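Using full-length UniProt numbering, the letters of the sequence shown map in sequence onto residues 1 to 283.
We put the CB at the ideal spot given by N, CA and C, even for glycine.
Computed from a predicted structure; not experimentally measured.
One structure is given below, encoded as structure tokens.
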Amino acid sequence: MSSNTASKFKWNGFQVAQLPQVPSWVETLGRAGHIAKGCVYFIVGILAFRVAIDAGGEIGGARNAIEEIGKQPFGQALLLLVAIGLIGYTAWRWVQAIQNTEGADDDAKGIAKRVGYGASGVTYLGLGLYAGALVFGFTSGSGDSGQQPSFLLDSTWGRAMLGIVGTGIAIAGGYFVYQGWKAKFMEQYNLARMSETLRQTAYHAGRMGLITRGIAFAIIGYFLLRSAWFGASGEIAGMGDALSAIAAQTYGKFLLGVVGFGLMAYAVHMALLGWYRRFNVQS
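In structure tokens:
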């Protein structure tokens, strides 16, 4: 099927976005990175869901998920693949930011998107390096840390920086919820190449996954802002901490189960993007 046909195909009002051309290596990085990211989120969701149904284990974030991968049969080999995939996803995010692969406008909104891509890349670079460090024995693993560094709370500038980061994370959470509700992510898929069942799966998994991830980000941002405002060390600084906060609420285990399922749905969305995302590759 030609690239032109794929870009004109419509499904339920969604049409693949017009994208700038990219070299083939960008497609390789993007696909591997999406799948690796999906693996990490699926395990985070599984860990949360197991706690919710009293099946054992403990709540954890992305680093805990990476450590869990290392405990499986052939864990070191799997960790190496995840490390390569996450570093590939980092490179893909930076290419998105620098080369403007999504065709973002030159206005403030477009610039904010590209800055967000770059910041996201930094986060996944850290996770990829952590997975690599576990492979080569540079760290024994310590899970996600929920304490903000105390030096940030000891000065006005530090608290201001923490407040800016918290605000950015909370805004990102709201944006994820908006994306999930509007399902604009469907425009990234090569819809013409997918069956009706796969399109429906991508639509529902993507909506639930993005909304769930957005809620978790909003919780992280809220607690970072609270720490910045009151100047007291907080205990919410990562995904695992946000899940613990959800579990502590009334009907917490039910909510945790829903969120765990939502994060697994997000993982499915990432895996499908890894396989079916459309890249406008230079011929």
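According to the Cβ coordinates, are residue i and residue j closer than 9 Å?
i	j	result
Ile246	Ala216	yes
Trp157	Gly121	no
Tyr178	Gly214	yes
Gly168	Gly221	yes
Phe14	Leu198	no
Tyr117	Ala97	yes
Leu79	Gly33	no
Ala17	Gly88	no
Leu224	Gly166	yes
Ala228	Arg278	no
Leu19	Thr123	no
Leu243	Ile59	yes
In whole angstroms, what is the alpha-carbon distance linking residue i and residue j?
i	j	result
Pro23	Val281	6 Å
Leu162	Ile46	30 Å
Phe49	Ala112	34 Å
Ile211	Gly173	8 Å
Leu29	Gly240	27 Å
Ala271	Val115	24 Å
Tyr130	Ala83	8 Å
Ala202	Val268	8 Å
Lys182	Phe136	43 Å
Gly128	Gly85	8 Å
Met264	Gly257	11 Å
Ile35	Leu273	8 Å
Arg31	Trp25	10 Å
residue 372	Asp107	Given a span of 1 to 283 for the chain in the structure shown, any question on residue 372 remains unanswerable.
Lys10	Phe261	29 Å
Glu187	Val44	27 Å
Ala218	Gln21	34 Å
Gly126	Gly110	25 Å
Met194	Gln200	10 Å
Val251	Trp275	According to the sequence shown, residue 251 is Tyr rather than Val. In a straight line, the C-alpha of Tyr251 is about 37 Å away from that of Trp275.
Leu255	His204	19 Å
Lys253	Phe230	29 Å
Glu27	Lys8	20 Å
Arg226	Ala248	18 Å
Ala119	Gly209	21 Å
Gln76	Val51	26 Å
Within 10 angstroms of its Cβ, does residue i collect 16 or more other Cβ (buried), or is it exposed?
i	result
Ala105	Looking at the sequence shown, residue 105 is not Ala but Asp. When all chains shown are included, Asp105 counts as exposed.
Phe74	exposed
Thr139	exposed
Ile283	Before going further, note that residue 283 is Ser rather than Ile in the sequence given. Ser283 should be labelled exposed.
Ile164	exposed
Ile53	exposed
Tyr266	buried
Phe185	buried
Gly56	exposed
residue 288	There is simply no residue 288 to check, as the chain begins at 1 and stops at 283 in what is shown.
Between residue i and the ligand ADP, is there a pair consisting of the residue's CB and a ligand heavy atom that are separated by less than 8 Å?
i	result
Phe14	In terms of ligand content, the structure shown is empty, and the ligand ADP therefore cannot be addressed.
Taking 9 Å as the CB-CB cut-off, is residue i touching chain B?
i	result
Gly116	Chain labels in this structure do not include chain B; a single protein chain is all it has.
Self-check item: Every unbroken alpha helix (DSSP H) inside the region 41-100 [4 residues or more]
Solution: Counting only unbroken stretches of 4 or more residues, the alpha helix (DSSP H) elements lying wholly within the region 41-100 are 62-70, 75-99, in sequence order.
Quiz item: Which runs of the beta strand (DSSP E) spanning at least 3 residues fall entirely within the region 153-224, listed in chain order?
Solution: Whole beta strand (DSSP E) segments, 3+ residues: zero.
Quiz item: Is the region 27-43 close to the region 51-71, with three or more CB pairs under 8 Å?
Solution: Below 8 Å, enough C-beta pairs join the region 27-43 and the region 51-71 to call them touching: three or more.
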